[in-house]
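Chemist:
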Amino acid sequence: MKKQTMYTLPQAVKKLDINQHTLMKWIMLDLIEVITIPDKKTGRHYPYIGEAAIKKAFDATCVICNKVFKAKYPLNAMYCSRKCRNKGIYINFKVRAARLKAKKQK
Ligand SMILES: [Zn+2]
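For the sequence shown, numbering that gives the first Met the number 0 gives the first residue as 0, with consecutive numbering after it.
1) Of all the options 104, 71, 76, which has the alpha carbon lying nearest to the alpha carbon of residue 65?
2) How about the region 7-18 and the region 42-53: do they share at least three Cβ pairs that are nearer than 8 Å?
3) Under three-state DSSP, which class holds residue 35?
4) Please enumerate, following chain order, all residues with a beta carbon closer than 7 Å to at least one heavy atom belonging to ligand 1.
5) Give the secondary structure of residue 78 by DSSP, where H, G and I count as helix, E and B as strand, and everything else as coil.
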């Protein structure tokens, strides 16, 4: 494995320019990979975030075309483009219309 730059959690917060609570949320939800490295002197494990994980932090997958894209809020991002968003809205609309139709027939 190629040696990569490691960031401590406060450094990662600065690098990603996000709130520390956001970072904690991402870690809890397994959205960002955390590596623990033991300290040379004390042997205590400390959490670090690799550069590769930092680069991937804002990646989200489009629910329509499965494309990976950069999102400002990757936790809530669903569509990669306006085209996919319109498609998604149309599909939702069709699903809701079908549900309504089924309800009426009962
Ligand atoms: Zn898409």
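For each residue, glycine too, the CB sits at the ideal point set by N, CA and C. Since the structure is predicted, the reported quantities are computational estimates derived from the model, not experimental observations.
Modeler: In brief:
1) Looking only at 104, 71, 76, the smallest Cα-Cα distance to residue 65 is reached by 76.
2) The count of Cβ pairs closer than 8 Å, one atom from the region 7-18 and one from the region 42-53, reaches three, so the stretches are in contact.
3) Three-state result, residue 35: strand.
4) For ligand 1, residues qualifying as neighbours are 61, 63, 64, 66, 78, 79, 80, 83, where qualification means a beta carbon closer than 7 Å to at least one of its heavy atoms (chain order).
5) Three-state DSSP puts residue 78 in coil, outside helix and strand.
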